[in-house]
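Reading through the C-alpha cells given below for one structure.
In the numbering used here, the protein residues as written are 1173 to 1327.
Have a look at this one:
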C-alpha cells in the first residue's frame, strides 16, 4: 500500500467550509457538508463535555487533525462580543507524524489570518479565498506527496 501523509486540508468558519484542498481522494471520503458537520459536532462535544478543543481523532486508517481559533467581534452599540470559530483541518494517514502536520497547519492558519481580515472571513463567499489553496501547497510541501512522488522529486 502506498503511504500518503495528507489527503486534504481546509479552513472552516462556524462549521462552514471556506476553502479546501484535496491532494488525494480517499475511497470512502465524506461529503463536504457531512465533514464540516462532523467537525463542528466533535468540536462542540469536546468543548461541552471536556471544556477542551478538538485536536485530533482517528477513524479507521485516517486521522483528522484540527486547530481552532476564536474570532471575537465587538457588537456595537451593546458593546458585547460575538464569537466565531475559525478552524483549520487536515485529514492525514493514521501513522503520519501529527506534530509535523500541526506545525504546518498553524503556519497556514497564521498566514490566512494575516492575508484576510476578520470581516472578509465572516462575510465573503468561499470563492473569495480560492487563491489561498496555492499557499497550502507551499506550506505542506512534501507532506502532500505519495511515497513514490517523494522519491521521484529527488531526481
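Even glycine gets a Cβ: it sits at the ideal position worked out from N, Cα and C.
| Item | Value |
| --- | --- |
| Residue 1234 - DSSP class collapsed to helix/strand/coil | strand |
| Best match in 1184, 1276 and 1190 for proximity to residue 1302 [C-alpha to C-alpha] | 1190 |
| Among 1276, 1254 and 1255, the one whose alpha carbon lies nearest that of residue 1264 | 1276 |
| Spatially closest choice to residue 1273 from 1293, 1232 and 1311, by CA coordinates | 1311 |
| Distance between residue 1252 and residue 1177 (C-alpha atoms, nearest Å) | 42 Å |
| Where the alpha helix (DSSP H) containing residue 1294 begins and where it ends | 1290-1295 |
| Distance between residue 1257 and residue 1268 (C-alpha atoms, nearest Å) | 26 Å |
| As assigned by DSSP and simplified to three states, the class of residue 1188 | strand |
| Closest Cα partner of residue 1238 within the set 1304, 1299 and 1181 | 1181 |
| C-alpha distance - residue 1323 paired with residue 1314, whole-angstrom precision | Below a pLDDT of 50, predicted positions are generally treated as unreliable, and residue 1323, at 44, falls in that range; no measurement from the model is reported. |
| Residue 1261 - containing alpha helix (DSSP H), residue span | Where residue 1261 is concerned, there is no enclosing alpha helix (DSSP H), although the beta strand (DSSP E) it sits in stretches over 1252-1265. |
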